[in-house]
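My numbering puts the first residue of the sequence shown at 177, with every later residue one more than the last.
Note that the Cβ used here is the ideal one computed from N, Cα and C, for glycine as well.
One structure below.
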Amino acid sequence: MAISQMKKLSIILEQDSLDEFLQFLQQRQVVEVRNLCQLDEWQEAFKDKADASPNIWQFADETEGNLEVNPTLVYFRRQQEEIKDTIKELARLIPPKSKLATLKKQKPSIQFEDLEDLQRQKEVKQLLSCYQEKIQRLKTINQALEGLDLELEELKKWEQLRVLPRDLADLKALAGQIGTIPSTADDSFYRQLLANPHIVVEKIFQTQLEYGLLLFWNKQETLALEEYHFKALDYPYQVLPAELLLEKEKAIEAYQAEKDQLVLDLSNSSDQLEELYIQLDYCSTLSSRQSAKQLLARSRHLVAIEAWIEADQVNGLEVAAQAQFGHSVYIQATEVEQGEWDLVPIKLHNHAIIEPFELVTEMYALPKYYEKDPTPLLAPFYFTFFGMMVADLGYGLLLGLVASLALKLGNLDFKKRRFLKFFRILGVAVALWGLIYGSFFGFGLPVHLLSTTTDVMSILILSVIFGFVTVIVGLLLNGLQQVKMRDYAQAYSSGFAWCLILVGLFLMAIGFLIPGLGFLITTGKWLAIVNAIGIVLVAVITSKSFAGLGTGLYQLYSISSYVGDLVSFTRLMALGLSGASIGSAFNLIVSIFPPLGRFTIGIVIFIFLHAINIFLSLLSGYVHGARLMFVEFFGKFYQGGGRAFNPLKVTNKYVVITKESQMEEE
């Protein structure tokens, strides 16, 4: 239960074996490749151009070959975006499955060797092109249908028209125009046209916005139709609107039939969709492998790799590399030097019960390589505090049940499973504290250790005691951390001394509160005074002058912050009591209903109100529990700032990559 011990790897191999070796490393998933350009010992080599980054290999479009780094990575990103866009379009057309079926659905699986098969890449690329063409055709049809619908709407208005605009130009004695005028509230333009004795008006249609009109007048006369806001019809077709309407309707039917067939084909593509998901993960896998080449160095015939690996994985890697590559690859593992501790990536290893609490540690910061993993110490505190702040047997059982069902029925990735395990364990804490407080969905249980109504002061004192223990443990860990770093003065003045001062004050408090233990007052007083003097003396000795006196006295002022820390833990009592009180109030509201309403609408209201209370209680417990850990606990000893171990590995976001050949070797 600690930080995994790391070793440095130095690897030399022939350049012809680079792609195969990177594929080998990616399949093993235990090595994090370092960037040689950032290592001091390699600066001279890169400066003299004796080494350079190797070319990147790709299989793109219809060609195979070596490309420069940036264009190839751009190509991979473009491929991923194209696949994502296609998947998104297909997902809209494929009938959705139920939420439960989606959770239970297993990820598609494929062997690593099959994933890398070039023939499969060609087939998937053809499949992708086929779907892209169909999706593009579907978009074209939709656009055409939208245009036809607009044309159809316009043509239907002129369906009763029995003359073409171009035919009016052939009239000898008369002049004619087809067009529209605005339809106003008082129909003033239309009435003025009707009142004009020189114009014959035939109404073709009328809407709320306009009139469609056919106008005739003597060719010898000149009319100012713009006075009526007349707008001539733009009609470029050679057939009447009624005939054109039939043609457009036939075109719409043809387009709709083609669209329906395309939608049917695409909606039956769930199996092929899995292939695209596999390809999406493959593109990401290949991209990360090719990107790793930017971190290496090469000469004319050789390639150099520097990497991190867990110490217990070194032997397995060396044996597998020897079996596959023989003497063409040289691997040397060395211990991590103290000067490199800040560079070492971090991987945590904890017991299955403790592992879910790594979420809290990671939320704050991973430890540095020289620090201890705080998760095993954090877990019991967070477990206790969360349970105390929610504290309801019913809520705890419900939380544990929901999390357990989701873990059992759902096919979830590692992060989601760990998150659910985290809340399943916290459900136990909530249930245990619910038993202690005697609360079940806001109802009082007949047996309880503490009552949220009559034992408020006892719960408050218990909260402060928990806070005291948390602060003392944090200070002890700070002292031990400083001892490990061989800073003994700091270990005493910022760690052990304050532990003894706080213990002394605690003993004094017990002596005052409990009759017959007055001797603890004297013991605690001198314990606190001696260590307070010790802090000042250490500051003077460290500074080698009396200027350290001011520093030491200022350090004693920290006593106010420790008082604030203890007061901060009273939220354990406050949140626990508030959740219980709110739950009881909700029960009281439902109990006011008459019997019939209580067991009908009352049940719905009961579920709704308690769902709100559960959500708010869990949110408060999660946030305030983390706050107590980050400020009152981690603030005493923990620096953090570590970087997570990120090995070269296969992307398995959407699929499961099996490694049969590797498992047989192991």
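Inset, instruction - Just grab the DSSP bridge partners of I428 for me. - result: For the purposes of this step, residue 428 is identified with residue 252 of the sequence shown, where counting begins at 1. None, per the DSSP bridge assignment.
Inset, instruction - For Q658, collect the residues of the same chain with a Cβ closer than 8 Å to its Cβ; drop the 5 residues on either side in sequence, then sort them by chain order. - result: On the sequence shown, residue 658 is found 482 positions in, with the first residue counted as 1. Closer than 8 Å at Cβ, skipping near neighbours: Y664, Q666, A667, S670 and G671.
Legend entry - Buried or exposed (CB count within 10 angstroms, at least 16 for buried), L198: The count along the sequence shown starts at 1 and reaches residue 198 at position 22. Counting the other CB atoms within 10 Å of its CB gives L198 a total of 16 or more, which places it among the buried residues.
Inset, instruction - Would you list the residues sitting across from M182 in a DSSP beta bridge? - result: Counting from one through the sequence shown, the residue named residue 182 turns up at place 6. Note: M182 sits in a beta bridge opposite E486.
Inset, instruction - Mark K469 as exposed unless 16 or more other C-beta atoms lie within 10 angstroms of its C-beta, in which case mark it buried. - result: Taking the first residue of the sequence shown as 1, we reach residue 469 at position 293. It counts as buried.
Inset, instruction - Go ahead and label D568 buried or exposed: buried means 16 or more other beta carbons lie within 10 angstroms of its beta carbon, across all protein chains shown. - result: Your numbering for residue 568 matches position 392 in the sequence shown. By the Cβ-count criterion, D568 is buried, with 16 or more other Cβ atoms from all chains shown falling within 10 Å of its own Cβ.
Legend entry - Cβ neighbours of Q308 in the same chain (closer than 8 Å, five flanking residues each side left out): Mapped onto the sequence shown, residue 308 falls at position 132. E258 and T262.
Inset, instruction - Leaving out five residues on either side along the sequence, give the residues of the same chain with a beta carbon under 6 Å from the beta carbon of Y411. - result: Position 235 of the sequence shown, counting from 1, holds the residue named residue 411. For Y411, the CB contacts under 6 Å within the same chain, skipping 5 residues up- and downstream, are P341 in chain order.
Legend entry - Cβ-based neighbour list, L321, same chain, cut-off 6 Å, excluding 5 preceding and 5 following: Residue numbering aside, residue 321 sits at position 145 when the sequence shown is read from its first letter. So the qualifying residues of the chain are Y431.
Legend entry - V826 vs S285 beta-carbon contact at 9 Å: Residue 826 sits at position 650 when you count from the first residue of the sequence shown. Residue 285 sits at position 109 when you count from the first residue of the sequence shown. It is not a contact, given that the beta carbons lie outside the stated cut-off.
Legend entry - Residues near G352 in its chain [Cβ-Cβ closer than 6 Å; skip 5 each side]: Residue numbering aside, residue 352 sits at position 176 when the sequence shown is read from its first letter. Counting only residues of its own chain and dropping the five nearest sequence neighbours on each side, G352 has a CB closer than 6 Å to the CB of L344 and F392.
Inset, instruction - Using DSSP bridges, identify the partner residues of Q203. - result: On the sequence shown, residue 203 is found 27 positions in, with the first residue counted as 1. Q203 pairs with nothing; no bridge assigned.
Inset, instruction - For G801, I'd like the list of residues in its chain whose CB is within less than 6 Å of its CB, leaving aside the five on either flank, ordered along the chain. - result: Reading the sequence shown from its first residue, position 625 is the one you call residue 801. Here G801 has Y558, F561 and F562 as same chain residues with Cβ atoms under 6 Å from its own Cβ, once five neighbours each way along the sequence are excluded.
Legend entry - Sequence-distant residues of the same chain with beta carbon closer than 8 Å to S443, five excluded per side: One-based indexing of the sequence shown puts residue 443 at position 267. L269, I270 and P271, listed in sequence order.
Legend entry - V376 (DSSP reduced to helix, strand or coil): Looking up residue 376 in the sequence shown gives position 200. In the structure shown, V376 sits in a strand (DSSP, three-state: E or B).
Inset, instruction - Please determine if the stretch 530-548 and the stretch 568-577 are in contact, where contact requires at least 3 C-beta pairs separated by less than 8 Å. - result: Taking 8 Å as the limit for Cβ pairs, the verdict is that the stretch 568-577 does not touch the stretch 530-548.
Legend entry - Contact between the stretch 188-197 and the stretch 502-519 (3+ Cβ pairs under 8 Å): Judged by pairs of C-beta atoms under 8 Å, the stretch 188-197 touches the stretch 502-519, as three or more such pairs exist.
Legend entry - Local Cβ density within 10 Å of S757, reported as buried at 16 or more and exposed below that: For this step, residue 757 is matched to residue 581 along the sequence shown. The C-beta of S757 has fewer than 16 other C-beta atoms within 10 Å across all chains shown, which makes the residue exposed.
Inset, instruction - Out of G680, L185 and V807, point me to the one whose CA is closest to A483's CA. - result: Locating residue 483 in the sequence shown gives position 307, counting from the first residue. Its Cα nearest to that of A483, the residue L185 stands out among G680, L185 and V807.
Inset, instruction - Taking 9 Å as the cut-off, decide whether the C-beta atoms of P552 and Y814 are in contact. - result: Counting from 1 along the sequence shown, the entry for residue 552 is found at position 376. Counting from 1 along the sequence shown, the entry for residue 814 is found at position 638. Taking the C-beta atoms as reference points, Y814 is found no nearer than 9 Å to P552.
Inset, instruction - Give every residue of the same chain whose Cβ lies closer than 7 Å to the Cβ of E397, excluding the five residues on either side of it in the sequence, and list them in chain order. - result: On the sequence shown, residue 397 is found 221 positions in, with the first residue counted as 1. Excluding residues up to 5 positions away in sequence, H374 lie with their Cβ nearer than 7 Å to the Cβ of E397 in the same chain.
Inset, instruction - May I have the straight-line CA-CA distance separating K424 from L324, to the nearest angstrom? - result: In the sequence shown, counting from the first residue as 1, residue 424 sits at position 248. In the sequence shown, counting from the first residue as 1, residue 324 sits at position 148. In a straight line, the C-alpha of K424 is about 7 Å away from that of L324.
Inset, instruction - Could you give the DSSP three-state label for L391: helix, strand or coil? - result: Counting from one through the sequence shown, the residue named residue 391 turns up at place 215. Strand at L391.
Inset, instruction - Would you give the residue range spanned by the alpha helix (DSSP H) that I522 belongs to? - result: Sequence index remark: in the sequence shown, residue 522 carries index 346 (1-based). Membership of I522 in any alpha helix (DSSP H) is not indicated, and neither H nor E is assigned to it by DSSP.
Inset, instruction - Hey, could you find the ends of the beta strand (DSSP E) L350 is sitting in? - result: Counting from 1 along the sequence shown, the entry for residue 350 is found at position 174. Segment L350 to P358, the beta strand (DSSP E) holding L350.
Legend entry - Residues of its chain near L621, where Cβ-Cβ distance is below 6 Å and the 5 sequence neighbours each way are ignored: Residue numbering aside, residue 621 sits at position 445 when the sequence shown is read from its first letter. If you ignore the 5 residues before and after L621, its C-beta comes within less than 6 Å of the C-beta of G614, all in its own chain and listed in chain order.
Inset, instruction - Determine contact between the stretch 777-789 and the stretch 621-634, defined as no fewer than three beta-carbon pairs at a distance below 8 Å. - result: With contact defined as three or more Cβ pairs closer than 8 Å, the stretch 777-789 and the stretch 621-634 are not in contact.
Inset, instruction - Taking 9 Å as the cut-off, decide whether the C-beta atoms of L794 and M564 are in contact. - result: Walking along the sequence shown from the start, residue 794 turns up at place 618. Walking along the sequence shown from the start, residue 564 turns up at place 388. Result no, Cβ atoms of L794 and M564 do not sit closer than 9 Å.
Legend entry - Residue range of the unbroken beta strand (DSSP E) whose run includes Y506: Residue mapping note: residue 506 aligns to position 330 of the sequence shown, counting from 1. That run of the beta strand (DSSP E) goes V505 to E511.
Inset, instruction - List in chain order: all unbroken alpha helix (DSSP H) runs of 4+ residues lying wholly within the stretch 260-287. - result: Counting whole runs of 4 or more residues, the stretch 260-287 contains the alpha helix (DSSP H) stretches 275-280.
Inset, instruction - May I ask you to verify whether the stretch 701-715 touches the stretch 674-691, counting CB pairs closer than 8 Å and requiring at least 3? - result: By the Cβ rule, the stretch 701-715 counts as touching the stretch 674-691, because three or more pairs are nearer than 8 Å.
Legend entry - Buried versus exposed call for D858 [16 or more other C-beta atoms within 10 Å across all chains shown]: For residue 858 there is no data in the structure shown, the boundaries of the chain being 177 and 842.
Inset, instruction - Quick one: using the 10 Å Cβ neighbour count with 16 as the cut-off for buried, is K281 buried or exposed? - result: Residue 281 sits at position 105 when you count from the first residue of the sequence shown. Taking all protein chains in view, the Cβ of K281 is surrounded by fewer than 16 other Cβ atoms within 10 Å, so the residue is classified as exposed.
Inset, instruction - Measure the alpha-carbon distance for D436 versus G610 and round it to whole angstroms. - result: Here residue 436 is taken as the residue at index 260 of the sequence shown, counted from 1. Here residue 610 is taken as the residue at index 434 of the sequence shown, counted from 1. Each residue's CA atom was taken as its position, placing D436 and G610 some 58 Å apart.
Legend entry - Assigned secondary structure, K407 (DSSP; H/G/I helix, E/B strand, else coil): Residue 407 sits at position 231 when you count from the first residue of the sequence shown. Secondary structure at K407: strand, using DSSP grouped into helix, strand and coil.
Inset, instruction - Check the C-beta distance from L456 over to K260 and give it rounded, since I have them as a contact under 8 Å. - result: The residue given as residue 456 occupies position 280 in the sequence shown. The residue given as residue 260 occupies position 84 in the sequence shown. That belief holds up - the Cβ atoms of L456 and K260 are roughly 7 Å apart, short of 8 Å.
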